[in-house]
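Student: What follows is a single structure, and I will ask about it in a moment.
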Amino acid sequence: MLAKEFYTIIQNEESATNFLISKKLLVNVENVLCDKCSSEMKYYIKKERGKERKLLRCKRKGCQTTQSIRKNNSFWTYLDKNGRNNSGLSIGAQLELVYYWCQDLKQSTIITLTGRSAHTVCDWMNLCRDVPVRIFENRNKLGGPGIVIQVDECLLRGSRK
Ligand SMILES: [Zn+2]
1 MLAKEFYTII QNEESATNFL ISKKLLVNVE NVLCDKCSSE MKYYIKKERG
51 KERKLLRCKR KGCQTTQSIR KNNSFWTYLD KNGRNNSGLS IGAQLELVYY
101 WCQDLKQSTI ITLTGRSAHT VCDWMNLCRD VPVRIFENRN KLGGPGIVIQ
151 VDECLLRGSR K
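Take 1 as the starting number for the sequence shown in my numbering and just add one per residue.
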């Protein structure tokens with residue numbers, strides 16, 4: 001994807017979120033039920049300090065519990081060492097880090113281009129690297145006797161840095 005195309009996707013949370021949903025990298029609202037009352041959830045736009053954030057909200061009156069669309073997604077959220085959900089970055093900012101990781105840039109270059117801290121960039125590079133590693137570790141589950149699994153080489157690119 002061209003950088004100029006990518007930047008139109010992450011220019012706001014709405015389009016970044018929709019992009020991930022279209023790629024099936026975020027939950028589809030139809031499959032999510034409220035944690036508290038098991039009612040259906042629907043999308044809800046919350047305005048916060050001038051920014052719009054897409055949430056899921058329970059449809060049932062009197063409940064209306066909201067939850068992050070990233071909840072239970074082990075890539076877009078992860079628990080930090082204090083056991084808290086990492087939600088410091090917007091989806092657009094997360095996508096930007098993943099995009100640069102895919103370009104095989106050095107961490108120091110990514111830090112310069114994104115303005116993120118070394119700590120944040122390092123965390124995200126590790127997270128990205130885990131994806132091909134996990135695919136590789138699960139290879140037996142995917143395959144089996146007489147079943148050949150072909151893994152695209154580019155999936156493994158950058159797995160050692
Ligand atoms: Zn509910």
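Note that CB positions come from ideal geometry on N, CA and C, so glycine has one too. Every value quoted in this text rests on a predicted model; they were computed, and no experiment measured them.
Would you report the Cα separation of K161 and K54, rounded to the nearest angstrom?
Tutor: Low confidence applies here, because K161 scores a pLDDT of 46, under 50, leaving its location unreliable and the question unanswered by this model.
Student: So, K46 versus K59, is the Cβ gap smaller than 9 Å?
Tutor: It is not a contact, given that the beta carbons lie outside the stated cut-off.
Student: Return the CA-CA distance between I69 and S22, expressed in angstroms with no decimal places.
Tutor: Rounded to the nearest angstrom, the two C-alpha atoms are 14 Å apart.
Student: From E231 to Y100, what distance separates their C-alpha atoms?
Tutor: Because residue 231 is not part of the residues shown, which for the chain are 1 to 161, the question remains open.
Student: With ligand 1 as the reference, list in chain order each residue whose Cβ lies under 6 Å from any of its heavy atoms.
Tutor: Output, sorted by chain position: C34, K36, C37, S39, C58, R60, C63 and T65.
Student: At 4 residues or longer, what runs of the alpha helix (DSSP H) sit wholly inside the stretch 5 to 48?
Tutor: The qualifying runs are 13 to 22.
Student: In the DSSP assignment, what are the bridge partners of E96?
Tutor: None; E96 has no bridge partner.
Student: Give the single residue among K61, K24 and W124 whose Cα lies nearest to the Cα of L95.
Tutor: Nearest C-alpha to L95: W124.
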